[in-house]
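Take a look at the structure set out below.
2 protein chains.
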Amino acid sequence: MPRPPDPAVRTALVEQAAAMLVAREPVTLRALATRAGTSTMAVYTHFDGIAGLWAAVRQEGFGRLAARLADVAPTDDPVRDLAALGAAYAAHALTHPALYRAMFDAAADLPDPEAAGAAFTVLVDTAARARDAGRIDADPLAVATRQWAAGHGLILLVISDVLPRAALAEHAPPIITAIVAAAGDDPARCAASVRAGWSG
Amino acid sequence: MPRPPDPAVRTALVEQAAAMLVAREPVTLRALATRAGTSTMAVYTHFDGIAGLWAAVRQEGFGRLAARLADVAPTDDPVRDLAALGAAYAAHALTHPALYRAMFDAAADLPDPEAAGAAFTVLVDTAARARDAGRIDADPLAVATRQWAAGHGLILLVISDVLPRAALAEHAPPIITAIVAAAGDDPARCAASVRAGWSG
DNA sequence: CGCTAGGTATAACAGGGTTATGGGACACTC
DNA sequence: GAGTGTCCCATAACCCTGTTATACCTAGCG
Numbered sequence: 042m043p044r045p046p047d048p049a050v051r052t053a054l055v056e057q058a059a060a061m062l063v064a065r066e067p068v069t070l071r072a073l074a075t076r077a078g079t080s081t082m083a084v085y086t087h088f089d090g091i092a093g094l095w096a097a098v099r100q101e102g103f104g105r106l107a108a109r110l111a112d113v114a115p116t117d118d119p120v121r122d123l124a125a126l127g128a129a130y131a132a133h134a135l136t137h138p139a140l141y142r143a144m145f146d147a148a149a150d151l152p153d154p155e156a157a158g159a160a161f162t163v164l165v166d167t168a169a170r171a172r173d174a175g176r177i178d179a180d181p182l183a184v185a186t187r188q189w190a191a192g193h194g195l196i197l198l199v200i201s202d203v204l205p206r207a208a209l210a211e212h213a214p215p216i217i218t219a220i221v222a223a224a225g226d227d228p229a230r231c232a233a234s235v236r237a238g239w240s241g
Numbered sequence: 042m043p044r045p046p047d048p049a050v051r052t053a054l055v056e057q058a059a060a061m062l063v064a065r066e067p068v069t070l071r072a073l074a075t076r077a078g079t080s081t082m083a084v085y086t087h088f089d090g091i092a093g094l095w096a097a098v099r100q101e102g103f104g105r106l107a108a109r110l111a112d113v114a115p116t117d118d119p120v121r122d123l124a125a126l127g128a129a130y131a132a133h134a135l136t137h138p139a140l141y142r143a144m145f146d147a148a149a150d151l152p153d154p155e156a157a158g159a160a161f162t163v164l165v166d167t168a169a170r171a172r173d174a175g176r177i178d179a180d181p182l183a184v185a186t187r188q189w190a191a192g193h194g195l196i197l198l199v200i201s202d203v204l205p206r207a208a209l210a211e212h213a214p215p216i217i218t219a220i221v222a223a224a225g226d227d228p229a230r231c232a233a234s235v236r237a238g239w240s241g
């Protein structure tokens, strides 16, 4: 009997919020509602307030990230793939810095953590392939976590204008190489793989 | 001829703001003024608004960080010192997570960047000692930057409850070891030094 | 075809930062 | 040492934000 919620309104709100975030405009309830062609109340029926909207935006951000990482085609060199994933991850973050920041503002409580987990799983799986191929002998989960943490920190420092943009290309490959080599890979071979994967 | 601004009011405001941040209370202008025993206008005369107050708080945070790092007594093993600095840095961040977060919300524009630079300089100098001692042959600035970025990312993920607190002790030493070893140090010796430095 | 339940719009509310306004204390002048 | 001007600080209004109350009105069912 009731009128069903319009899914189009929900997606429009999330899209607009993400767009405003990218455009570096302040995401206020009224501005968002106006841009989405609706009223402020829609945010409450669909998301139960602006906190819920942020959660949906974070979810959207992790979904886009996972999609972007899934687009990285695996090769027969898993270490190269690891670096390629890092490059894709960094590209996503640098293209949408505000969205990336928002994603980690409260990344712990996502509506559907699986989506975020999917992005991370790609990393772990690639590290596992590296182990299966005999390139590394350390725990793939540990290697993936270290890659992620190090990349996250470097990206945030660049986004925050603490380090120049060039710092990413200068330091990311050496860091990836260091972690993978420490996990057991041959340093020279590892460096070559990372260089190839990072460049694309 | 005018009445000079009271420095005590200024410091009281910064201290109270930092305290409220640590106590995880929302830092509002009115609550802050009440706790500092003054009025909201004091924030404007001393800091030109709450944005300026945040800048002062960030400055305070970097000052405390620099002080804490300066307390780390150098030994004859620079790699060990590097790990000890990392441990002190992490301890500072985990003790005051909200303050650490605030520090990097806009770390690019500090009133006096030198204070923040001082904290970083300790890292660079220690890396330079490692090079002078023949432990590493890479650029000390690059090594320090990589340590910082990787540690920053790991700490933020822990603070954000994305990774468990135990992840810090699990991953920080291996990451430090990986970066320093990749810079030229002997892997086994490096691991031992880092272990010693991290434990204190 | 009417009834009803729930989404949407409008408007009032609470709390945040900022901006006027006035008083009062300090330092400088004579 | 009294006068005086300058700005620090307290009070109170303002605007904008998120939230909540209320009314409408649409969509589905008996």
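Line by line, the protein sequences are chains A and B. Following my numbering, the numbering of the first sequence begins with 42 at its first residue and continues without gaps. Following my numbering, the numbering of the second sequence begins with 42 at its first residue and continues without gaps. Glycine is no exception: its CB is placed at the ideal position from the N, C-alpha and C atoms.
How is residue 151 of chain B classed by DSSP in three states: helix, strand or coil? The residue you call residue 151 of chain B lines up with position 110 of the second sequence. In the three-state DSSP reduction, residue 151 of chain B falls in the coil class, being neither helix nor strand.
Could you check which residue in B:151, B:105 and B:148 has the C-alpha nearest to that of residue 129 of chain B? The sequence position of residue 129 of chain B within the second sequence is 88, counting from 1. Out of B:151, B:105 and B:148, B:105 has the C-alpha closest to the C-alpha of residue 129 of chain B.
Tell me whether residue 206 of chain B is buried or exposed, calling it buried when 16 or more other Cβ atoms sit within 10 Å of its Cβ. As a working note, residue 206 of chain B is residue 165 in the second sequence. In the assembly as shown, residue 206 of chain B is an exposed residue. Its beta-carbon has fewer than 16 other beta-carbons within 10 Å.
Quick one: list the residues of chain B neighbouring residue 215 of chain A, beta-carbon separation under 7 Å, in chain order. Against the first sequence, residue 215 of chain A aligns to sequence position 174. Residues of chain B passing the Cβ test: 187 and 223.
Members of the region 114 to 148 of chain A that neighbour chain B once the beta carbon cut-off is set at 9 Å: For the region 114 to 148 of chain A, the beta-carbon criterion of a distance under 9 Å to any beta-carbon of chain B is satisfied by 145, 146, 147 and 148.
Beta-carbon separation of residue 234 of chain B and residue 72 of chain B under 8 Å? Counting from 1 along the second sequence, the entry for residue 234 of chain B is found at position 193. Counting from 1 along the second sequence, the entry for residue 72 of chain B is found at position 31. For residue 234 of chain B and residue 72 of chain B, no; Cβs fall outside 8 Å.
Below 6 Å CB to CB, which residues in the same chain sit around residue 82 of chain B once its five sequence neighbours on both sides are set aside? As a position in the second sequence, residue 82 of chain B is number 41, starting the count at 1. So no residue of the chain qualifies.
Considering only residues of the same chain and omitting the five flanking positions on each side of residue 199 of chain A, which have a CB-CB separation below 8 Å? Residue 199 of chain A sits at position 158 when you count from the first residue of the first sequence. Excluding positions up to five away in sequence, the list reads 135, 205, 206, 208 and 209.
Using beta-carbon positions only, say whether residue 103 of chain A and residue 201 of chain B come within less than 8 Å of one another. On the first sequence, position 62 is the one that residue 103 of chain A refers to. On the second sequence, position 160 is the one that residue 201 of chain B refers to. Between residue 103 of chain A and residue 201 of chain B, the C-beta spacing is not below 8 Å.
What number of angstroms, rounded off, separates the C-alpha of residue 168 of chain A from the C-alpha of residue 92 of chain A? Here residue 168 of chain A refers to the residue found at position 127 when the first sequence is read from its first residue. Here residue 92 of chain A refers to the residue found at position 51 when the first sequence is read from its first residue. Looking at the backbone, the Cα of residue 168 of chain A and that of residue 92 of chain A are separated by about 35 Å.
Own chain partners of residue 232 of chain A with C-beta closer than 7 Å, once the 5 adjacent residues on each side are dropped: Within the first sequence, residue 232 of chain A is the residue found at index 191, counting from 1. Closer than 7 Å at the Cβ level, and outside the excluded window around residue 232 of chain A, lie 218.
If contact is defined by three or more beta carbon pairs under 8 Å, each pair taking one atom from either stretch, is the region 189 to 196 of chain B in contact with the region 185 to 198 of chain A? Yes: at least three Cβ pairs fall under 8 Å.
Run through the region 70 to 126 of chain A for me and flag every whole alpha helix (DSSP H) of 4 or more residues, listed as ranges in chain order. With a minimum length of 4 residues, the continuous alpha helix (DSSP H) runs that stay inside the region 70 to 126 of chain A are 70 to 76, 82 to 88 and 91 to 111.
Leaving aside the five residues before and after residue 96 of chain B along the sequence, list all residues of the same chain whose C-beta is less than 8 Å from its C-beta, in chain order. Along the second sequence, one-based indexing puts residue 96 of chain B at 55. Listed in chain order, the non-local C-beta contacts of residue 96 of chain B below 8 Å within the same chain comprise 88, 147, 150, 151 and 152, local neighbours out to five positions each way being set aside.
Check whether the Cβ atoms of residue 54 of chain B and residue 140 of chain B lie closer than 8 Å to each other. Along the second sequence, one-based indexing puts residue 54 of chain B at 13. Along the second sequence, one-based indexing puts residue 140 of chain B at 99. In this structure, residue 140 of chain B does not lie closer than 8 Å to residue 54 of chain B by Cβ.
Could you work out which residues of chain A lie near residue 202 of chain B, taking near to mean beta carbons separated by less than 9 Å? In the second sequence, counting from the first residue as 1, residue 202 of chain B sits at position 161. Against residue 202 of chain B, the close residues of chain A are 147, 148, 149 and 150, in the order they occur along the chain (beta-carbon pairs closer than 9 Å).
Could you tell me whether the region 173 to 185 of chain A touches the region 175 to 185 of chain B, using the rule of 3 or more Cβ pairs below 8 Å? Segment contact: the region 173 to 185 of chain A against the region 175 to 185 of chain B, fewer than three CB-CB distances shorter than 8 Å; contact not assigned.
Residues of chain A with CB under 9 Å from residue 220 of chain B, in chain order? Walking along the second sequence from the start, residue 220 of chain B turns up at place 179. Taking the beta carbon of residue 220 of chain B as reference, the chain A residues within 9 Å of it are 191, 215, 216, 219, 220 and 223, listed in sequence order.
Can you list, in chain order, the residues of its chain whose CB lies under 8 Å from that of residue 185 of chain B, leaving out five sequence neighbours each side? Counting from 1 along the second sequence, the entry for residue 185 of chain B is found at position 144. If you ignore the 5 residues before and after residue 185 of chain B, its C-beta comes within less than 8 Å of the C-beta of 161, 164, 165, 167 and 168, all in its own chain and listed in chain order.
Neighbour list for residue 198 of chain B in chain A, Cβ cutoff strictly below 9 Å: In the second sequence, counting from the first residue as 1, residue 198 of chain B sits at position 157. Against residue 198 of chain B, the close residues of chain A are 145, 148, 186, 189, 190, 193 and 194, in the order they occur along the chain (beta-carbon pairs closer than 9 Å).
Spatial neighbours of residue 187 of chain B within its chain, please: C-beta separation below 8 Å, excluding the five flanking residues on both sides. Looking up residue 187 of chain B in the second sequence gives position 146. Around residue 187 of chain B: 220.
Taking 7 Å as the cut-off, is the C-beta of residue 219 of chain B nearer than that to any heavy atom in the ligand ATP? Of the ligands one can find in the structure shown there are none, so the ligand ATP has no counterpart to examine.
DSSP three-state assignment for residue 199 of chain A, whether helix, strand or coil: Within the first sequence, residue 199 of chain A is the residue found at index 158, counting from 1. DSSP, read as helix, strand or coil, puts residue 199 of chain A in helix.
Residue range of the alpha helix (DSSP H) that residue 228 of chain A falls in? Within the first sequence, numbered from 1, the residue matching residue 228 of chain A stands at position 187. Element bounds for residue 228 of chain A: 228 to 240.
Kindly list the residues whose CB is nearer than 8 Å to the CB of residue 225 of chain A, restricted to its own chain and excluding five residues on each side of it in sequence; keep chain order. Working through the first sequence from its first residue, we reach residue 225 of chain A at position 184. Counting only residues of its own chain and dropping the five nearest sequence neighbours on each side, residue 225 of chain A has a CB closer than 8 Å to the CB of 176, 177, 178 and 179.
Taking Cβ positions, are residue 22 of chain B and residue 109 of chain B nearer each other than 8 Å? Here chain B comprises residues numbered 42 to 241, so residue 22 of chain B is not present and cannot be evaluated.
Short CB-CB distance (under 8 Å) between residue 236 of chain A and chain B: In the first sequence, the residue the question calls residue 236 of chain A occupies position 195. Not one chain B Cβ lies under 8 Å of residue 236 of chain A.
Quick check: the Cα distance between residue 170 of chain B and residue 127 of chain B, rounded to an integer number of angstroms? Start at 1 with the first residue of the second sequence, and residue 170 of chain B comes out as number 129. Start at 1 with the first residue of the second sequence, and residue 127 of chain B comes out as number 86. Computed Cα separation, rounded: 16 Å.
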